[in-house]
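Heads up, the thing below is written out as structure tokens.
Protein chains: 2
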Amino acid sequence: MIHLEWYRIFLHAARTGNLTKAAQELYITQPSVSYAIKQMEQALSLKLFHRLSKGVELTEEGKALLAYVEQSFALLDAGERKMSQLKDLTGGELRIGASDSLFKHFLFPYLDKYHKQYPEVRIRLSHGKTSEITQRVKEGTVDFGLIHLPTAEDPLLTIQAIMTLQDCFVGGEAYRDKAVLPLTAHDLGQFPLLLLSAGSSTRRFAEHWFSQQNVTIQADIELGSIDLLIEFAKLGLGVAFVSKSYVTQELADGLLYELKPTVAIPTRYIGIAARRDTTPSLAAAKFHEMLMADMPALVT
Amino acid sequence: MIHLEWYRIFLHAARTGNLTKAAQELYITQPSVSYAIKQMEQALSLKLFHRLSKGVELTEEGKALLAYVEQSFALLDAGERKMSQLKDLTGGELRIGASDSLFKHFLFPYLDKYHKQYPEVRIRLSHGKTSEITQRVKEGTVDFGLIHLPTAEDPLLTIQAIMTLQDCFVGGEAYRDKAVLPLTAHDLGQFPLLLLSAGSSTRRFAEHWFSQQNVTIQADIELGSIDLLIEFAKLGLGVAFVSKSYVTQELADGLLYELKPTVAIPTRYIGIAARRDTTPSLAAAKFHEMLMADMPALVT
DNA sequence: TCATGATATAGAGCTCCTTTATGGGAAGGT
DNA sequence: ACCTTCCCATAAAGGAGCTCTATATCATGA
């Protein structure tokens, strides 16, 4: 078996054509290089160098070997550089999966900040339903997932609540006078409702809230994007069910009005799901750290 | 600095996902593998494996590294296979340079035999003038060269005579009666002469022989190919100056007749030129051996 | 709770790489 | 011719660090 360290010595010797110089480059002594080359030649049972009076020169066989070794070492060097990049986050990638609505309204500012701090880290986002996100976390396809809680326990996952989410009903100018007194679920159900598409956890959550109060609702307008939901509400097309934090600005500006329900909408939690038993990549760990630094302490 | 042997251990560990198995594959103990991986992680200052209860699993960084290491090792393996081929002559190449006329009439049977014995060795031939051949030998572009002697001494070359060459004058049927008695150079110069093109060493040799006897000649027909020279002579177009061994058959068959000169044509030598101080490649050494086995002992 | 199968750690041992010292050959200058 | 210089090979001693044995520790599953 060829001792791999020999290849390094071979490489230097071949490039310099001088065992003494090769030794200097490697910070070892010339006999050491001599010895290594000799070992190598014995192992391969062929001569790699011609010994000339003014140094060494590759034999044809040596030249052939050099071609392979050079390429091989170039790869290893590239690998080590890559590792170094990953280490100091000047490379690598951060892969986050999240429920559709969380990206823009929750994650975006952090991604922006992260990207500014580590511009070399490639950010890959994938969205999907909560079950798809957790699956990707388990597979290792994403570093971690952000999901709405509660979700099913899974022995392979750690799930940690990191943020509260307070939903609310909002309407445009037309609902200004409706916004004074608390409304029953039934009352709210009478308005044209602007809801996220069926399948989203927010939609399920809203339906659940209504159904608990024996109100069956039907979305008048169903959209895939929370932004559009808010825009439509501003235009007065109906009452939207959205997270309060997404419309803080609009409420303050008087573009939207909150319709308070008689029965409080439960607080929801945003959770972060990661694989148990695995250390996240450095890129991911840094992001996690950044996220947590900003979060109020929560009882999980 | 990463000790390269670590990579081998890393590779096995990554592939098996089990340090103990990796150790078995490498015929070392598990703590040895543990130790190596740890060294490596410290050297790169990042974690390469997640330690799970049922083995190890690559981290993202580890996966990235594995890609490089696998490719790199594949190359080294390929290199070792190549060396093995070169060693047992199931690969590699034999590069011979020779003066034009030598290939067909001298070298061909050996090349044929060599190729039959080592069909995997690629044979590359290059022809040119003697000076070009020796130049290629010095550059290492060819393993060795076959040339007509004498040639200039060169400190970088070893030149060894390996075969004698006896030139002669031959003519066709028309010269049958001329072939009885020895002829002077002057007599021979009167015949239409069939000679190799100017520039060839055979041509120079012939001219030299004539001029030493104060005969100035002029080629009536000048050809680049010895075969054509012989054909023309058989057709009776004149007297050709060729090596006797090339026309042995024709002389025996009575297709050509030798015109004996009064002054003997000196014996020439075919020599083999190789670089001094360098061992030939194995492919070349074998050919050289095969060549020499067939040669009569010669005083150089 | 015990057995099993992993990895981590500690400490001793020994391999084999490295070093120092030396020799010899070739090239180049005097 | 002789001396100097440069370079590689060899011998023998020394030691760094890999490897081994033994053991601890932890997780899993029966």
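These protein sequence lines are chains A and B, in that order. Quick note, in the numbering used here, the first sequence goes up one by one and the last residue is 310. Quick note, in the numbering used here, the second sequence goes up one by one and the last residue is 310. Glycine included, each C-beta is placed from N, C-alpha and C at the ideal position. Keep in mind it's a predicted model, so treat the numbers as computed, not measured.
Would residue i be called buried (16 or more neighbouring beta carbons within 10 Å of its own) or exposed?
| i | result |
| --- | --- |
| A/Y279 | buried |
| A/F20 | buried |
| A/W16 | buried |
| B/Y185 | buried |
| B/D187 | exposed |
| B/S211 | buried |
| B/A314 | No answer is possible for residue 314 of chain B: it lies beyond the span of chain B, which begins at 11 and ends at 310. |
| B/T258 | exposed |
| A/M50 | buried |
| A/F154 | buried |
| A/E130 | exposed |
| A/S235 | exposed |
| B/H218 | exposed |
| A/V43 | buried |
| A/S111 | buried |
| B/E260 | buried |
| A/R18 | buried |
| A/V309 | Low confidence applies here, because A/V309 scores a pLDDT of 48, under 50, leaving its location unreliable; read the following figure in that light. Exposed, because fewer than 16 other Cβ atoms sit within 10 Å of the Cβ of A/V309. |
| B/T39 | exposed |
| A/R285 | buried |
| A/S281 | Looking at the sequence itself, residue 281 of chain A is Gly, so the reference to Ser does not match. Buried, by the Cβ-count rule. |
| B/V66 | buried |
| A/A216 | buried |
If the criterion is Cβ atoms closer than 7 Å, does the pair residue i and residue j meet it?
| i | j | result |
| --- | --- | --- |
| B/L96 | A/E71 | yes |
| B/L156 | B/Y128 | no |
| A/A78 | B/G89 | A small correction: the amino acid at residue 78 of chain A is Tyr; Ala does not occupy that position in the sequence shown. Against a cut-off of 7 Å, the Cβ pair of B/G89 and A/Y78 comes out as a contact. |
| B/L193 | B/P271 | yes |
| A/A24 | A/L62 | no |
| A/V147 | A/L266 | no |
| A/Y37 | A/M300 | no |
| A/E183 | A/G248 | no |
| A/M93 | B/L14 | no |
| A/D230 | A/L203 | yes |
| A/L117 | A/A108 | yes |
| A/T144 | A/A262 | no |
| B/L86 | A/Q81 | no |
| A/A32 | A/T26 | yes |
| B/H115 | B/Y256 | yes |
| A/I106 | A/L135 | yes |
| A/E241 | A/A189 | no |
| B/H60 | A/T168 | no |
Check: At which residue ranges does the stretch 241-310 of chain B contain complete beta strand (DSSP E) runs of 3 or more residues, listed in the order of the chain?
Finding: 249-253, 267-269 and 278-285
Check: Just by C-beta distance, which residues in the stretch 79-111 of chain A are closer than 7 Å to chain B?
Finding: V79, Q81, S82, L85, L86, A88, G89, E90, K92, M93, L96 and K97
Margin query: Using 8 Å as the cut-off, can you tell me whether the stretch 252-265 of chain A makes contact with the stretch 125-144 of chain A, which would need three or more C-beta pairs spanning the two stretches below that distance?
Written below: no
Note to self: Going residue by residue through the stretch 104-179 of chain A, where are the continuous beta strand (DSSP E) segments of at least 3 residues, counting only ones entirely within it?
What the structure shows: 132-138, 154-159 and 167-175
Notebook entry, point to check: Is the stretch 293-306 of chain A close to the stretch 102-116 of chain A, with three or more CB pairs under 8 Å?
Noted result: yes
Notebook entry, point to check: Considering only residues of the stretch 191-242 of chain A, which uninterrupted beta strand (DSSP E) runs meet the minimum length of 3 residues and lie entirely inside it, listed in chain order?
Noted result: 203-206 and 231-233
Item checked: Three or more C-beta pairs below 8 Å linking the stretch 163-178 of chain A and the stretch 193-203 of chain A -> no
Check: Any residues in the stretch 280-294 of chain A with a beta carbon nearer than 9 Å to a beta carbon of chain B? Which ones, in chain order?
Finding: R285, D287, T288, T289, P290, S291, L292, A293 and A294
Notebook entry, point to check: In the stretch 224-243 of chain A, which residues sit with their C-beta less than 8 Å from some C-beta in chain B, listed in chain order?
Noted result: none
Next item on the list: Jot down the residue ranges of each uninterrupted beta strand (DSSP E) in the stretch 37-79 of chain B, minimum 3 residues, whole runs only, in chain order.
Entry: 59-62 and 65-68
Margin query: So if I threshold CB-CB distances at 8 Å, which residues from the stretch 38-58 of chain A count as touching chain B?
Written below: L54, S55, L56 and K57
Next item on the list: Please list the residues of the stretch 15-29 of chain B that have a C-beta atom closer than 8 Å to any C-beta atom in chain A, keeping them in chain order.
Entry: E15, Y17 and R18
Check: Between the stretch 197-228 of chain B and chain A, which residues of the former have CB atoms less than 7 Å from a CB of the latter, in chain order?
Finding: none
Check: Which residues, in order along the stretch 166-192 of chain B, keep a beta-carbon less than 8 Å from a beta-carbon of chain A?
Finding: none
Next item on the list: May I ask you to list, following chain order, the residues of the stretch 118-141 of chain B that have a beta carbon less than 8 Å from some beta carbon of chain A?
Entry: none
Checklist line | Positions along the stretch 142-157 of chain B whose CB lies within less than 9 Å of some CB in chain A | finding: G150 and D153
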